[in-house]
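Residues 1 to 295, numbered by full-length UniProt numbering, are exactly what the sequence shown covers, in order.
Beta carbons are placed, not taken as given, at the ideal position from N, Cα and C, and that holds for glycine.
Notes follow the structure.
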Amino acid sequence: MFARGALAVLIIVDQPGNEMARDFNNCGGPCFNIGGRDGHFLAAALNAAAGNGVTEPLQVELSLETATYRNLSAINGIGVIPGTNSDETIIINAHADAWFDGAGDNGDGVAVQIALAKHFAKPENRPSRTLVFVASAGHHTRGLNGPSAFVRMNPELADNAVLAINIEHVAQRNFSPARSEFADGYREFIADSGEAPIVAGITNSAPFLENLFVEGVDRYGTNFVSDVSIMASGEGGGYRSMGAPIITTMQAPPLYHTSGEVIEAVSMPGLERMARFLAFFIHAVNQATREQIDP
């Protein structure tokens, strides 16, 4: 667009109300994100001007305040529940940084992670394999990668890993445009009571692990999509150097990386479903052989 003479690009974020959104990278020139409702007003004004035969050049004045921060650092949080009779480890990761309030990315993942840590720390639930909980830092900062730093700095835990599990935005509600409109013609949005679809990534496509997802959906009603995936995007990729399989649970919900990621956008039943499913999943993996986990 800039090559064709555009002086700036106005990006209308088609979300409920006037959500703020993270900056879109590599725009190639001055870019401004505009909320959905403001964008509706702007489009209506331009259409009205065109309909009334206004031909004078459009003049717009916008200002954007920016700041650059350098030499920043971030720290992983690590908690270990020692296994009862094995040096092997299961890594359970959730990144702890966020855009805006971050209730959906990744507050819900951290909440599930903490619930799992509390559950398996109870004497009656202690696993035979050691559980390592990593609240990873630097996910949204270029040049920082918490999982890679964890692997590099904790070889005694990483070298013995049989599996890594990444919990990344797992319980945010789904939003859809409604049939109804406000008086100004702006379309309303409606929220589902449950969570948006979740993708399950299994890097080695192990039948045992895939069957756990099938059984888990039947047991707990977690909203996983049916298609099989080997993806390990997000934080999961930082664990590839361990050589162990990586499990990823991840949504791409409508309010992702916007100011709409407040606690009300998270499905509380969805949080419970995911926590119960992952407790079941970890318990089953803990009892499985290495050959079942990574044939």
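Collapsed DSSP secondary structure at residue i in the structure displayed
i	result
residue 20	coil
residue 105	helix
residue 299	Because the chain here runs from 1 to 295, residue 299 falls outside it and cannot be looked at.
residue 189	strand
residue 194	strand
residue 157	helix
residue 7	coil
residue 32	strand
residue 88	coil
residue 116	helix
residue 261	coil
residue 200	strand
residue 232	coil
residue 170	coil
Buried versus exposed call for residue i [16 or more other C-beta atoms within 10 Å across all chains shown]
i	result
residue 166	buried
residue 61	exposed
residue 130	buried
residue 158	buried
residue 195	buried
residue 53	exposed
residue 276	buried
residue 299	This structure does not reach residue 299, given that the chain is present from 1 up to 295, and the question cannot be answered.
residue 179	exposed
residue 47	exposed
residue 190	exposed
residue 108	buried
residue 142	exposed
Start and end residues, beta strand (DSSP E) containing residue i
i	result
residue 173	173–181
residue 79	77–81
residue 251	246–251
residue 224	Where residue 224 is concerned, there is no enclosing beta strand (DSSP E), given that its DSSP letter is neither H nor E.
residue 73	Segment: none, residue 73 is in no beta strand (DSSP E) and carries neither H nor E.
residue 136	130–136
Residue range of the alpha helix (DSSP H) that includes residue i
i	result
residue 268	268–287
residue 148	146–153
residue 214	207–220
residue 291	290–293
Cβ-heavy atom distance, residue i to the ligand GDP, below 7 Å
i	result
residue 255	Among the components modelled here there is no ligand, and therefore nothing to report on the ligand GDP.
Interface flag, residue i vs chain B, CB-CB below 8 Å
i	result
residue 294	The structure shown contains no chain B; it holds only a single protein chain.
Handout entry: In chain order, each alpha helix (DSSP H) run of at least 4 residues that lies wholly inside the stretch 36–68
Key = 36–51
Handout entry: Contact between the stretch 180–188 and the stretch 263–270 (3+ Cβ pairs under 8 Å)
Key = no
Handout entry: Validate contact between the stretch 2–13 and the stretch 233–248 using beta carbons, cut 8 Å, 3 pairs
Key = no
Practice task
Would you check if there are 3 or more beta carbon pairs closer than 8 Å linking the stretch 137–147 to the stretch 96–111?
Solution key: yes
Handout entry: Inter-stretch contact at 8 Å, needing at least 3 Cβ pairs: the stretch 272–286 / the stretch 209–229
Key = yes
Exercise for the section: Inspect the CB distances between the stretch 147–161 and the stretch 71–89 and report whether three or more fall short of 8 Å. Expected result: yes
Exercise for the section: Decide if the stretch 225–238 is in contact with the stretch 191–205; the criterion is three or more beta carbon pairs, one per stretch, under 8 Å apart. Expected result: yes
Handout entry: Inter-stretch contact (C-beta, 8 Å, three-pair minimum) for the stretch 35–47 and the stretch 10–24
Key = yes
Exercise for the section: May I ask you to verify whether the stretch 73–85 touches the stretch 117–133, counting CB pairs closer than 8 Å and requiring at least 3? Expected result: yes
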